[in-house]
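Scroll down for the structure; my scribbles are underneath it.
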Amino acid sequence: MANYYNMQAVHAEIDRVTRAGHESIVYGVWNAILSSIFTPQDGYIVRPQDEHTSQSGARGYSDLHVFHYLPGARRATKFLIVQCKRAGGETQSSVWREGVNQLHRYTVATQGTRAVRDRRPVYGIVAIGNSLRFYYYHEASQSIRNFWHSSVHPNPKSGGVSDHKHHHDFIREILIHIRDHH
Numbered sequence: 000m001a002n003y004y005n006m007q008a009v010h011a012e013i014d015r016v017t018r019a020g021h022e023s024i025v026y027g028v029w030n031a032i033l034s035s036i037f038t039p040q041d042g043y044i045v046r047p048q049d050e051h052t053s054q055s056g057a058r059g060y061s062d063l064h065v066f067h068y069l070p071g072a073r074r075a076t077k078f079l080i081v082q083c084k085r086a087g088g089e090t091q092s093s094v095w096r097e098g099v100n101q102l103h104r105y106t107v108a109t110q111g112t113r114a115v116r117d118r119r120p121v122y123g124i125v126a127i128g129n130s131l132r133f134y135y136y137h138e139a140s141q142s143i144r145n146f147w148h149s150s151v152h153p154n155p156k157s158g159g160v161s162d163h164k165h166h167h168d169f170i171r172e173i174l175i176h177i178r179d180h181h
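Residue numbering for the sequence shown follows numbering that gives the first Met the number 0, starting at 0 and increasing by one per position.
Printed below as a string of structure tokens:
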């Protein structure tokens, strides 16, 4: 499986993510990355603007959501949510906080609709321009927490922030881990 950063179209789109660019470019980058790792041939679907309804009835729409259809299944398992923001807010804590709060609402809504016996890990990504953080839903505390499965992070001082240009191998490794352990 090729690294997404080595795919000409993905690389070109990553280069188009600029402060002046639209948020839709970030969606396109993530749709291509996710579809290269979570392939339809293996039962995965990347769905844009998926609706979430919380137990209180409030609705929201995550930017991208990855579903997995097991062989013979009519229903898919939701397990990865990506919340995108346009470039320019990478250094603004308020933009990260907004993305994390949205992601938290969507992960709670996803787990809240499942019977306890049917719950599986739910992961998330907040992507601001070309910067991103991985998260997972922590069932016991009903919160989301930073996630990486390796004790070696590309930049431990970054607070878990990665970027496509410098950490694409790491990002791919984490996505493969999520694919193989959801």
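Yeah, the Cβ is synthetic: ideal placement off N, Cα and C, and Gly gets one too.
For clarity, every value in this text was computed on a predicted model and none was experimentally measured.
Alpha-carbon spacing of residue i relative to residue j, whole angstroms
i: Q48; j: L63; result: 6 angstroms
i: V121; j: Y26; result: 20 angstroms
i: G123; j: L131; result: 10 angstroms
i: H165; j: A11; result: 15 angstroms
i: Q54; j: E138; result: Residue placement at Q54 is flagged as unreliable, the pLDDT there being 49, under the threshold of 50; a coordinate-derived value is accordingly withheld.
i: Y134; j: F66; result: 17 angstroms
i: A31; j: Q141; result: 30 angstroms
i: D179; j: Y43; result: 12 angstroms
i: N129; j: F146; result: 18 angstroms
i: G98; j: T90; result: 13 angstroms
i: F78; j: H181; result: 7 angstroms
i: S150; j: Y136; result: Confidence in S150 is poor, its pLDDT being 46 and thus under 50, which makes the residue's placement unreliable; the coordinate value appears in the next sentence. Cα to Cα, S150 sits roughly 19 angstroms from Y136.
i: S161; j: A72; result: 35 angstroms
i: V125; j: I170; result: 13 angstroms
Chain D within 8 angstroms of residue i, Cβ atoms only
i: K164; result: In the structure shown, chain D cannot be found, because there is only a single protein chain.
Contact set for residue i: own chain, Cβ-Cβ below 7 angstroms, skip 5 residues either direction
i: V94; result: K84, G88 and I127
i: I24; result: E12, R15 and V16
i: Y105; result: H51, G59, S61 and I80
i: T76; result: F66, H67 and R119
Residues of its chain near residue i, where Cβ-Cβ distance is below 6 angstroms and the 5 sequence neighbours each way are ignored
i: Y60; result: Q48 and E50
i: H103; result: I143
i: H163; result: I13 and N129
CB-CB length for residue i against residue j, believed under 8 angstroms
i: H167; j: Y4; result: 4 angstroms
i: W29; j: V107; result: Actually they are not in contact, since the Cβ atoms of W29 and V107 sit about 22 angstroms apart, beyond 8 angstroms.
Helix, strand or coil at residue i [DSSP, three-state]
i: R144; result: strand
i: A1; result: coil
i: Q91; result: coil
i: H21; result: coil
i: L63; result: strand
i: V81; result: strand
i: T76; result: strand
Residues that DSSP places opposite residue i in a beta bridge
i: H163; result: Per DSSP, none; premise fails for H163.
i: F133; result: I124
i: Y43; result: H67
Residues near residue i by beta carbon distance below 8 angstroms, same chain, minus five either side
i: A8; result: A31
i: E22; result: C83, K84 and R85
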